[in-house]
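Asks: Structure provided below as structure tokens; questions to follow.
Protein chains: 2
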Amino acid sequence: MENRLQQITAEIISIGDELLIGQTINTNAAWLGEQLNAIGIKVNRTVVISDSRSEIWAALDEASARSQIIIMTGGLGPTKDDITKHTLCSYFQTDLVMNEEALARITDFFEQRGLPVLEVNRQQAALPAACKVIHNFRGTACGMWFEREDRVFISMPGVPYEMKGMMEDEVFGKLAAFYHRPVIRHRTVLTTGVGESFLADKLKDWEKMLEERKIALAYLPSPGMVKLRMSSYLEGDRDVEMDFRQCEQELLRIVGEYVYGYDKDTLQEIVGELLRQQPSTLAVAESCTGGTLSKLITSVPGSSDYFRGGITAYKNDVKTSQLNVDASLIEAKNVVSHEVACAMAEGAKKLFSADWAIATTGTAGPGGGTDSHPVGLIYVAVAGPAGCKSIEMRLGKRRENNMDMASFAGLNLLRKEILGQKADL
Amino acid sequence: MENRLQQITAEIISIGDELLIGQTINTNAAWLGEQLNAIGIKVNRTVVISDSRSEIWAALDEASARSQIIIMTGGLGPTKDDITKHTLCSYFQTDLVMNEEALARITDFFEQRGLPVLEVNRQQAALPAACKVIHNFRGTACGMWFEREDRVFISMPGVPYEMKGMMEDEVFGKLAAFYHRPVIRHRTVLTTGVGESFLADKLKDWEKMLEERKIALAYLPSPGMVKLRMSSYLEGDRDVEMDFRQCEQELLRIVGEYVYGYDKDTLQEIVGELLRQQPSTLAVAESCTGGTLSKLITSVPGSSDYFRGGITAYKNDVKTSQLNVDASLIEAKNVVSHEVACAMAEGAKKLFSADWAIATTGTAGPGGGTDSHPVGLIYVAVAGPAGCKSIEMRLGKRRENNMDMASFAGLNLLRKEILGQKADL
């Protein structure tokens, strides 16, 4: 029992040629890393290997020499020749036996869908005698749980939502029962409008404050934002949350103007919450972002409470006919301008009878720019109760990135406008 | 030289705690796997490790025992304490020297942006004497290329577009000069509307045909589609492309009705190309997909040639006022119905003066369903020159998945309608 109280480490083995040749991105490993970390299990390493007996065997040997928990995903589909399952049988010196409970569930799975049970699916109920079965209520491949001394080996299918369901339904609970573990706590502060190097330079002294409190810091940049993640192990009587709060207050004093949220917050959720509080409603008019903004806003469940709707006005005549933008304004100022962005926002606000509207206009690229209005020049406007505000962005030539950055900037501008309005009251 | 003609293998080492705890998804490894594979270099393994000297050292030892090319990404940012760079110095028994060319580029990088050069950025120009520098024209962290016998070790920053740029600008060329390698060819057939198990069952005999031709087959399922990937090494005089074509023809004979494209095709590109050929124009009216369809269509560069625009009609009154859907129709048939989907499509077609329009209506979830109209019940309609066609989908409770699946189905329905129209001529 003694060693179970030490830091528990895990290793993730992702099995599949589709991962190695990049046809599938390994989102499973990221999700597992995040979830395990949150319950205080440290992921030492993630490896991706091909669907072969020798690779699986070697990876199991290597991982179990380093880590206590070994989690495998993939290699269990009905068309995979069951290499993983057979390898696990040999590795744990056991045999396949037909599991009646699993067979009943697989049969049920197909019958509910009005489909016949194929032999390949029946064979998925043949499982190693030495394992505990991890049930899969979302698909046909069962999971397997093996124990060897203080080590646990878990094998699950690679379909993300099946794997996640199995982890949540059974595996986290089983792991909690098997191990006691020190807890890691994180606090992430989300910033926008400032680069990583400049943040690091401004935060030199603040980092010393973190060191003294044994808090590790990570800068996590991604398009349009830099996340600052503080991490610390719970040990003794120390109040980590209090330490985080103190460091956070000091951080806000230094770079508070760039902070838009915390931890798992998304800008679209923060903006949605602000709108809900007022309460007020939102519409969008998108040219260069082509639906990205609308998709972001509606990705939040319940967004229909405040989102009135949006228009993708890809053509000038749609801007004039639907959004009532003056054709002479487009002529005089160019369609890519502060003025047209504002006219679009005002038009959308009126068209959808909304309190606020965000509009974007620009050239997302990679083609289509001119000397005076190059690819990446984008205007973002927010119209609200007190008029319209717009910003100019000079971005690069990457279409998707430009669409994402402009949408993000539009939401952030709206956030600031709502907060500024509040501050003025 | 002899051994350079054998199958060249690579291993990817991704460095960074943000990957292990899942705050960043390892898209770099997927991209590298895909690109290396395409030029005939087989990726044996991908490992993700933390930013520590002992981990990096061990991973280098292990990888170089198995593979000839070792590609590291990450651990080179100005705030990372340069652990990777110092570890590489020790590993290759060399010292850091200031690289004047790199320093000039870094200075230039900041001056062009009107920003001062910080000391942390200057230090990024201090590089191991034993490496060849891989230039980074998109950021400040240089790449490093080390050779040891027939092995190559490459270290690059983890920012995806910097790393990709460095691979394309320099590394692929350098690798081609250093190694000769057998070439792998792939051909991927894209299917929709049929499950993996059923495909596998229908294709049993066809798989034997592939085996005889030494073509490996992979089933790659993802939401709404199953990709079938054929892979083969070029060897001797064999005409792999001819083998692929023959297998493909046989495949089309068996399951041709489900095939919508090949290789890197996307449904939005295929539909765009069909519209361009006619030529005709498209609009969308989205309720439950909330902008997803518009975003998908506009993700294609040049889509402004055929995409007139779209409306996200999240509220019933927007459906009636903007899309001219009869309020009594919504009352009589429910807003989630074949009839309202078609009325929305016809409305969007007219509103945007387009030849075709796609509409979606349903409850994306996770909340909001009723007994008669549960979460996941979605209608997708396509209006065109010859009237409107709609389909019913019964999906699950996962919001994002439902939005993606309904958008995909809308595009596929439009594809079939355009092709059917062609066939009728």
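The listed protein sequences derive, respectively, from chains D and F.
Here the first sequence is numbered in my numbering, starting from 2 and rising by one per residue.
Here the second sequence is numbered in my numbering, starting from 2 and rising by one per residue.
For each residue, glycine too, the CB sits at the ideal point set by N, CA and C.
Taking 7 angstroms as the limit between beta carbons, can you name the residues of its chain near A407(D), skipping five residues before and five after?
Replies: C289, T290, T361, G363, I379, V381, M394
Asks: Under 6 angstroms Cβ to Cβ from G262(F), same chain only, skipping five residues before and after it: list those, please.
Replies: L191, I271
Asks: Report the CB separation of Q323(F) from L294(F) in whole angstroms; it is logged as a contact under 8 angstroms.
Replies: About 16 angstroms separates the two Cβ atoms, so there is no contact after all.
Asks: Under a CB-based cut-off of 8 angstroms, is W32(F) close to chain D?
Replies: yes
Asks: Tell me whether the beta-carbon of R1(F) lies closer than 8 angstroms to the beta-carbon of V48(D).
Replies: Not covered by the structure: residue 1(F). The range shown for chain F is 2 to 426.
Asks: Which partner residues does V227(F) have in the DSSP bridge list?
Replies: T192(F), P222(F)
Asks: Measure the alpha-carbon distance for G159(F) versus R123(D) and round it to whole angstroms.
Replies: 44 angstroms
Asks: I'd like to know whether the C-beta of R399(D) is nearer than 8 angstroms to at least one C-beta of chain F.
Replies: yes
Asks: Name the DSSP bridge partner or partners of F395(F)?
Replies: Per the sequence shown, residue 395(F) should be read as Arg rather than Phe. Paired residues: L378(F).
Asks: Report the residue from F173(F), R188(F), C389(F) whose alpha carbon sits nearest the alpha carbon of K243(F).
Replies: The sequence as given places Met at residue 243(F); Lys does not occur at that position. The candidate whose alpha carbon is nearest that of M243(F) is R188(F).
Asks: Distance check for L104(D) and D306(D), CA to CA, integer angstroms please.
Replies: 44 angstroms
Asks: I'd like to know whether the C-beta of Y315(D) is nearer than 8 angstroms to at least one C-beta of chain A.
Replies: Of the protein chains in this structure, namely D and F, none is chain A.
Asks: Can you give the Cα-Cα distance for I84(F) and K215(D), rounded to whole angstroms?
Replies: 19 angstroms
Asks: Find the residues of chain F that neighbour P79(D), judging by a C-beta separation of less than 8 angstroms, and give them in chain order.
Replies: E197, S198, A201
Asks: I need the straight-line Cα distance from G144(D) to G76(D), nearest angstrom please.
Replies: 11 angstroms
Asks: Are the C-beta atoms of N4(D) and some chain F residue less than 8 angstroms apart?
Replies: Unreliable positioning characterises N4(D) in this predicted model, as indicated by a pLDDT of 37, which lies under 50. The coordinate reading is nonetheless provided below. Answer no: the Cβ-Cβ gap between N4(D) and chain F never drops below 8 angstroms.
Asks: Which value, in whole angstroms, describes the spacing of the CA atoms of L204(F) and D372(D)?
Replies: L204(F) and D372(D) have their C-alpha atoms spaced approximately 55 angstroms apart.
Asks: Beta-carbon within less than 7 angstroms of T28(D)'s beta-carbon, same chain only, minus the 5 sequence neighbours each way: which residues are those?
Replies: Once the five neighbours on either side are set aside, the close Cβ partners of T28(D) are P161.
Asks: Would you mind telling me which residues of chain D sit closer than 9 angstroms to I312(F), beta carbon to beta carbon, in chain order?
Replies: G310, G311, I312, T313, Q323
Asks: For the alpha helix (DSSP H) containing I255(D), list its first residue and its last residue.
Replies: 241 to 256
Asks: Who are the near neighbours of A131(D) in its chain, counting only those whose CB is closer than 6 angstroms to its CB and skipping five residues on each side?
Replies: Closer than 6 angstroms at Cβ, skipping near neighbours: F93, T95.
Asks: Leaving out five residues before and five after Q125(D) in sequence, what residues of the same chain have Cβ atoms less than 7 angstroms from its Cβ?
Replies: P79, I107, T141, A142, C143
Asks: Using C-beta distances below 7 angstroms, list every residue in its chain close to E3(F), excluding the 5 sequence neighbours before and after it, in chain order.
Replies: Here the model assigns E3(F) a pLDDT of 34, short of 50, so the residue's position is not dependable, and the following value carries that caveat. Hits under 7 angstroms: none found.
Asks: Identify the continuous beta strand (DSSP E) that holds T74(D) and give its terminal residues.
Replies: 70 to 74
Asks: For the pair the region 382 to 401 of chain D and the region 309 to 317 of chain D, tell me if three or more CB-CB distances fall below 8 angstroms.
Replies: no
Asks: Who does L148(F) pair with in a DSSP beta bridge?
Replies: The question names Leu, but residue 148(F) in the sequence shown is Glu. E148(F) pairs with V153(F).
Asks: Applying the criterion that 16 or more other CB atoms from any shown protein chain within 10 Å of the CB defines a buried residue, is R5(D) buried or exposed?
Replies: Interpretation of R5(D) is limited by its pLDDT of 37, a score under 50 that renders its predicted location unreliable; the figure taken from the coordinates is listed afterwards. Exposed, because fewer than 16 other Cβ atoms sit within 10 Å of the Cβ of R5(D).
Asks: Which residues of the region 162 to 189 of chain D have a Cβ closer than 9 angstroms to any Cβ of chain F? Give them in chain order.
Replies: Y162, I185, H187, T189
Asks: Looking at S300(D): is its Cβ nearer than 8 angstroms to the Cβ of A342(D)?
Replies: no
Asks: Comparing alpha-carbon positions, which option in I135(F), L276(F), A284(F), M210(F) lies nearest E169(F)?
Replies: I135(F)
Asks: Which one or two residues does DSSP pair with C132(D) in a beta bridge?
Replies: Its beta-bridge partners do not exist; DSSP assigns none.
Asks: Would P129(D) be called buried (16 or more neighbouring beta carbons within 10 Å of its own) or exposed?
Replies: buried
Asks: Going along chain F, which residues have a C-beta under 9 angstroms from T47(D)?
Replies: S15, L20, L21, N27, T47, V48, V49, I50
Asks: Can you check which of these residues, D356(D), A355(D), G397(D), is closest to G368(D) by C-alpha distance?
Replies: G397(D)
Asks: Helix or strand or just coil, what does DSSP make of N325(D)?
Replies: Coil, per DSSP.
Asks: Chain D partners of K296(F), CB-CB under 7 angstroms?
Replies: G291, G292, T293, K296
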